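Structure first, then comments.
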Amino acid sequence: MPREIYPSSYICDCGYQCDFSENTINKIRIASMKRKQGLIADDGLHEVIFDRGGMIAVYCPRENT
Ligand SMILES: [Zn+2]
């Protein structure tokens, strides 16, 4: 399971840390209450998925994790 570091960072199962601004995360959380949202990380590969107001998954580009 990916880990959430309050308020606006997420750690993938592979160890990659996705950092976002708190402002961005607040907007995504609100938007995700209506429909599922995806946020691309700085590496352009990982994607943090939000649904119903919270993070539900981190998509990882590495296949064997
Ligand atoms: Zn990863």
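Going by numbering that gives the first Met the number 0, the sequence shown opens with residue 0, and the numbers climb by one from there.
Cβ atoms here follow ideal geometry from the backbone N, Cα and C, with glycine treated the same way.
The model shown is predicted, which means the values in this text are computed figures rather than measured ones.
Since residue i and residue j are thought to touch, with beta carbons under 8 Å apart, how far apart are those beta carbons, to the nearest angstrom?
i     : j     : result
Ile48 : Ile39 : Actually they are not in contact, since the Cβ atoms of Ile48 and Ile39 sit about 11 Å apart, beyond 8 Å.
Tyr15 : Asp42 : 7 Å
Quick check: the Cα distance between residue i and residue j, rounded to an integer number of angstroms?
i     : j     : result
Ser7  : Arg61 : 22 Å
Glu3  : Ile10 : 6 Å
Thr64 : Asn25 : Residue placement at Thr64 is flagged as unreliable, the pLDDT there being 48, under the threshold of 50; a coordinate-derived value is accordingly withheld.
Can you determine whether any heavy atom of ligand 1 sits closer than 7 Å to the C-beta of residue i, and answer yes or no?
i     : result
Asp12 : yes
Arg61 : yes
Tyr15 : yes
Using a Cβ-Cβ cut-off of 7 Å (strictly less than) and excluding sequence neighbours within five positions of residue i, which residues of its own chain qualify?
i     : result
Ile27 : Gln36, Leu38 and Phe49
Gly52 : Arg28, Ser31 and Met32
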